[in-house]
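*Asks:* Structure below; questions to follow.
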Amino acid sequence: MKKIFNLLFVALISLSINSCDQEINPKNDLVEYYSINCIIRCDSTNQFATVSKMYDVPGYDPNSNTVDPFVKGAKITLSDSSVVEKQKTVYQFRDTSVIRGDESRYHTPLNGYYIKNFNAKSASILKIEVILPNGVKIKSSTFYLPLNPYSVEFYRRDNPRYINSNQLMFDWNNLIYLYESKPYAYPEFIIKYSHYESGEWKKYQKKIPISYSMVEGKEIPVYPRMNVSSKNIVYDTLTIRKTFEKISADDLNRNNYRIDKVVFMLQIVDSNLANYIAVQQMYTDDFSINVTQYDNTTFSGARGIFASMQTLQMEVSFTSMIKSLGYATK
Numbered sequence: 022m023k024k025i026f027n028l029l030f031v032a033l034i035s036l037s038i039n040s041c042d043q044e045i046n047p048k049n050d051l052v053e054y055y056s057i058n059c060i061i062r063c064d065s066t067n068q069f070a071t072v073s074k075m076y077d078v079p080g081y082d083p084n085s086n087t088v089d090p091f092v093k094g095a096k097i098t099l100s101d102s103s104v105v106e107k108q109k110t111v112y113q114f115r116d117t118s119v120i121r122g123d124e125s126r127y128h129t130p131l132n133g134y135y136i137k138n139f140n141a142k143s144a145s146i147l148k149i150e151v152i153l154p155n156g157v158k159i160k161s162s163t164f165y166l167p168l169n170p171y172s173v174e175f176y177r178r179d180n181p182r183y184i185n186s187n188q189l190m191f192d193w194n195n196l197i198y199l200y201e202s203k204p205y206a207y208p209e210f211i212i213k214y215s216h217y218e219s220g221e222w223k224k225y226q227k228k229i230p231i232s233y234s235m236v237e238g239k240e241i242p243v244y245p246r247m248n249v250s251s252k253n254i255v256y257d258t259l260t261i262r263k264t265f266e267k268i269s270a271d272d273l274n275r276n277n278y279r280i281d282k283v284v285f286m287l288q289i290v291d292s293n294l295a296n297y298i299a300v301q302q303m304y305t306d307d308f309s310i311n312v313t314q315y316d317n318t319t320f321s322g323a324r325g326i327f328a329s330m331q332t333l334q335m336e337v338s339f340t341s342m343i344k345s346l347g348y349a350t351k
């Protein structure tokens, strides 16, 4: 009986070890898939798309791959069906390549697909179809609404403004689409500066948060989140000043830092991109822990994002604050 018990015990241990090995193997049942990304910039005639294929590596570090997973030979078609004019325009993407700026991982040219004559002027249904070299068809669609030019001029004329001595507000409450109501808007406030290094000015940028929060003794910047119901955003001037100060950190020689400009950017996005940004913010939230990233895709049969967007930006002057901090100006 004791011998039988020992054999059963060994068998159970062996089975348990094998089960654990199967559970922790992240490469089990890998399914081949493609990733397609195309963000239509409605304020530009040039549009780009990328198609990539899942790749494997000998170990478990995906960054060890040195072969660009870009898929060549795909056929990409973009159709623009105007809701107002009842017309349909079809564009064919062409393949292209440019010199890669960062060759730390891939040493081949940067590949992509492009069209250079895109012209959407009215509310449209945009559809994209990608035919892979193996014949597989992948599709997605989105909706494009141009901004009313009168509301854009009002937005630029009315922003920004101080609501009190310490609070600066940007307001897009009156910003409307043509033929539609409120847009999805994502704000970014960015300091573009240069640092004098090794005999030359090198360009950098730093995003201004809406506040700083202390988490376990560490100061964490809190940035605006995608909020479909937002109509404005308010920045505290003390937070703006603190962000300027962080540019030089402990470097007392602030003459080596030059503030080139401060730009407020309002990204106007469709629902596809709004949902995508919201999900990414949830995954990367500094105040929460997420083990698995959400699979947020707009394509059928592939992963990735097909969406439309346009950007409104304006330069904001902080000359007095910059000079008081001792930075150079352009």
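Numbering (the numbering used here), first residue to last: 22 to 351. Beta carbons are placed, not taken as given, at the ideal position from N, Cα and C, and that holds for glycine.
(1) Are at least three pairs of beta-carbons, each pair with one atom in the segment 272-280 and one in the segment 184-198, less than 8 Å apart?
(2) What residues in its chain sit with their C-beta under 6 Å from that of residue 99, if we drop five residues either side in the sequence?
(3) Anyone know if the C-beta pair for residue 229 and residue 212 falls short of 8 Å?
(4) Comparing alpha-carbon positions, which option in 144, 118 and 155 lies nearest residue 74?
(5) From residue 302 to residue 245, what distance separates their C-alpha atoms?
(6) Thinking C-beta only, is residue 332 closer than 8 Å to residue 64?
(7) Three-state secondary structure (DSSP) at residue 179?
(8) Determine the extent of the beta strand (DSSP E) in which residue 265 is found, giving its start and end residues.
(9) Counting only beta-carbon atoms, is residue 67 nearer than 8 Å to chain B?
(10) Quick check: residue 207 and residue 292, are their CB atoms within less than 8 Å of each other?
(11) Only counting runs of 4 or more residues, tell me where the alpha helix (DSSP H) segments fall wholly within the segment 159-243, in order along the chain.
(12) Do you know whose CA, among 102, 160 and 159, lies nearest residue 146's CA?
(13) Counting Cβ pairs closer than 8 Å, one from the segment 256-269 and one from the segment 159-179, do we hit at least three?
(14) Using a Cβ-Cβ cutoff of less than 8 Å, which residues in the same chain neighbour residue 104 once the five nearest sequence positions on both sides are dropped?
(15) Looking at the structure shown, is residue 147 part of a helix, part of a strand, or coil, going by DSSP?
(16) Tell me, please, which residues DSSP counts as bridged to residue 74.
(17) Where residue 347 and residue 224 are concerned, what is the direct C-alpha to C-alpha distance, given to the nearest angstrom?
(18) With DSSP run on the structure shown, which of helix, strand or coil describes residue 296?
(19) Taking all protein chains shown into account, decide if residue 95 is buried (16 or more other Cβ within 10 angstroms of its Cβ) or exposed.
(20) Whose C-beta lies closer than 8 Å to the C-beta of residue 330 among residues of the same chain, with five residues either side of it excluded?
(21) With DSSP collapsed to three states, give me the class of residue 342.
(22) With DSSP as the reference, label residue 275 as helix, strand or coil.
(23) Decide if residue 161 is buried, meaning its Cβ has at least 16 other Cβ atoms within 10 Å, or exposed.
(24) Measuring alpha carbon to alpha carbon, tell me which of 222, 128 and 141 ends up nearest residue 11.
(25) If you compare alpha carbons, which of 138, 320 and 267 is closest to residue 226?
*Replies:* From the atom records:
(1) no
(2) Taking the sequence shown and counting its residues from 1, the one referred to as residue 99 is at position 78. If the five residues before and after residue 99 are omitted, its C-beta is found closer than 6 Å to the C-beta atoms of 112 and 149, all from its own chain and listed in chain order.
(3) On the sequence shown, residue 229 is found 208 positions in, with the first residue counted as 1. On the sequence shown, residue 212 is found 191 positions in, with the first residue counted as 1. Their beta carbons are under 8 Å apart, which means residue 229 touches residue 212 by this criterion.
(4) Walking along the sequence shown from the start, residue 74 turns up at place 53. Sorting 144, 118 and 155 by C-alpha distance to the C-alpha of residue 74 places 155 at the top.
(5) Position 281 of the sequence shown holds residue 302. Position 224 of the sequence shown holds residue 245. A direct Cα-to-Cα measurement between residue 302 and residue 245 gives close to 10 Å.
(6) The residue you call residue 64 lines up with position 43 of the sequence shown. The residue you call residue 332 lines up with position 311 of the sequence shown. In this structure, residue 64 sits near residue 332, with a CB-CB distance shorter than 8 Å.
(7) By 1-based counting over the sequence shown, the position of residue 179 is 158. If DSSP states are grouped into helix, strand and coil, residue 179 belongs with the helices.
(8) If you number the sequence shown from 1, residue 265 lands on position 244. Taken as a continuous stretch (DSSP letters only), residue 265 belongs to no beta strand (DSSP E), being part of the alpha helix (DSSP H) at 258-269.
(9) Within the model displayed, chain B is absent; a lone protein chain is all it includes.
(10) By 1-based counting over the sequence shown, the position of residue 207 is 186. By 1-based counting over the sequence shown, the position of residue 292 is 271. No.
(11) As far as the segment 159-243 is concerned, its whole alpha helix (DSSP H) runs of at least 4 residues are 170-179.
(12) Counting from 1 along the sequence shown, the entry for residue 146 is found at position 125. Distances from the CA of residue 146 to each of 102, 160 and 159 were compared; the closest alpha carbon is that of 102.
(13) no
(14) Within the sequence shown, the letter at position 83 stands for residue 104. So the list reads 143, 144, 145, 146 and 200, once near-sequence residues are dropped.
(15) As a first step, residue 147 must be located in the sequence shown, where it is residue number 126. Three-state DSSP puts residue 147 in a strand.
(16) As a first step, residue 74 is located in the sequence shown; it is residue number 53 there, counting from the start. DSSP lists 55 as partners of residue 74.
(17) What you label residue 347 is simply residue 326 of the sequence shown in a count that begins at 1. What you label residue 224 is simply residue 203 of the sequence shown in a count that begins at 1. If I take the Cα positions, the gap works out to 18 Å.
(18) Translated into the one-based positions of the sequence shown, residue 296 becomes position 275. Of the three classes helix, strand and coil, the one that applies to residue 296 here is helix, per DSSP.
(19) As a first step, residue 95 must be located in the sequence shown, where it is residue number 74. Looking at its Cβ environment, which holds 16 or more other Cβ atoms inside 10 Å, residue 95 is buried.
(20) In the sequence shown, the residue the question calls residue 330 occupies position 309. Result list for residue 330: 60, 61, 62, 63, 288, 289, 290, 291 and 294, in chain order.
(21) Taking the first residue of the sequence shown as position 1, residue 342 is located at position 321. The answer is helix: DSSP assigns residue 342 an H, G or I state.
(22) Taking the sequence shown and counting its residues from 1, the one referred to as residue 275 is at position 254. Three-state result, residue 275: helix.
(23) As a position in the sequence shown, residue 161 is number 140, starting the count at 1. With 16 or more other Cβ atoms within 10 Å, it is buried.
(24) Since the first and last residues shown for the chain are 22 and 351, residue 11 lies out of range.
(25) The residue labelled residue 226 in the question sits at position 205 within the sequence shown. Ranking 138, 320 and 267 by Cα distance to residue 226 puts 267 first.
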